[in-house]
Amino acid sequence: MTAELKLIQPAELAEQLNEPDLVVIDLCPEGDFIQAHVPGARFLPPQATQNGRPPRPGDLPDAGQLERIVAWLGLTQDSRIVVMDHEGGGWTGRMLWLLASIGVKSAAALDGGRVAWLAEGYPTEYGEPSPANPPGTLPIRLTSAHSISAEQLKAALEAGEVQVWDARSRDEFEGVRGNALRLGHIPGAIHMEWTELMDPARHLRLKPLDTIRDTLIQRGLNPECPVVTHCQTHHRSGLTWLAGQLMGLNIRAYPGSWSEWGNREDTPVTA
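Okay, so the sequence shown: first residue is 0 according to numbering that gives the first Met the number 0, each after it adds one.
Okay, structure coming up:
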């Protein structure tokens with residue numbers, strides 16, 4: 000299922016800062032946010048987007064935490080949401096996945112995030128994070144359309160109905176290192192590390208989508224078939240999920256990721 004997501008450039012966002020329904024969500028470290036952030040931006044600790052509990056720390060937060068996130072950020076049904084981070088888009092993609100999973104129909108990612116915004120001289124302000132006033136009232140309508148469970152993924156793999164895009168490092172993919180009882184990758188998975196999607200020469204903006212698509216095809220991905228993406232805790236694969244959405248792929252996230260798959264005894268693993 001494709002969400003209504005788009006990239007927004009810093010120049011575009013700078014022109015929209017005074018629009019009343021704009022909500023800029025910043026997932027950078029709190030100290031960085033205090034020192035300089037997009038005027039009016041609302042801070043959210045990146046870890047708040049995860050439930051943090053083994054064996055699936057990358058799952059969505061529980062209902063109470065989701066309600067607190069909505070209230071803290073001041074989200075309403077009229078909000079025009081732009082998400083940004085400091086690292087090239089992993090947390091941004093993760094947050095956009097969270098928003099899609101609670102029923103938000105459209106949102107945007109700031110291309111290049113904090114790195115591009117600061118490097119290109121756009122305005123900032125100083126200040127501590129604080130809750131939105133009034134608090135957000137956006138109703139939460141959970142949907143599983145953007146996610147897949149381990150059991151569903153196992154069944155889809157056995158039926159030959161899905162491709163896996165592994166966003167982890169090459170060493171993790173090959174089983175050289177990792178953080179699980181079993182190391183390696185899901186049989187048949189296609190490897191394209193999340194950092195390969197970023198363009199350091201353009202302040203960590205996404206590379207052209209055609210370039211990303213061509214690389215995936217060269218590595219064996221069929222863009223006409225369903226795709227599931229994962230990493231260790233569905234942080235890094237937030238970016239690959241976002242890129243897949245922007246490319247129009249039928250892509251879902253596996254939030255259990257390797258923290259679940261690699262610690263089970265009934266999941267296929269190869270190195």
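Glycine residues also receive a C-beta, built at the ideal position from the N, C-alpha and C atoms.
- Cβ-Cβ separation between Asn262 and Leu180: approximately 5 Å, consistent with a contact (criterion under 8 Å).
- Looking at the backbone, the Cα of Gln49 and that of Pro56 are separated by about 6 Å.
- In its chain, beyond the 5 residues on either side, Ile33 have a beta carbon closer than 8 Å to the beta carbon of Glu127.
- Excluding five sequence positions before and after Gly187, the CB atoms of its chain that fall closer than 8 Å to its own CB belong to Leu156, Gln162, Val163, given in chain order.
- Note: Thr269 is bridge-paired with His184 in the DSSP secondary-structure output.
- Taking 9 Å as the cut-off, the beta carbon of Ala108 is found no closer than this to the beta carbon of Arg201.
- In this chain, Ile139 is not harboured by any alpha helix (DSSP H), its DSSP state being neither H nor E.
- Under the three-state reduction of DSSP output, Arg251 falls in the strand class.
- Going by DSSP, Glu18 is part of no beta strand (DSSP E) at all; its letter is neither H nor E.
- The way I'd put it, the stretch 245-265 does touch the stretch 223-237; three or more beta-carbon pairs between them come closer than 8 Å.
- The beta carbons of Asp110 and Leu205 sit closer together than 9 Å.
- The C-beta distance from Leu4 to Leu152 rounds to 23 Å, too long to fall under 8 Å, and the pair is not in contact.
- Straight-line spacing of the CA atoms in Ile101 and Asp198 works out to 30 Å.
- With contacts defined as CB atoms closer than 9 Å, Gly174 and Leu74 fail to qualify as a contacting pair.
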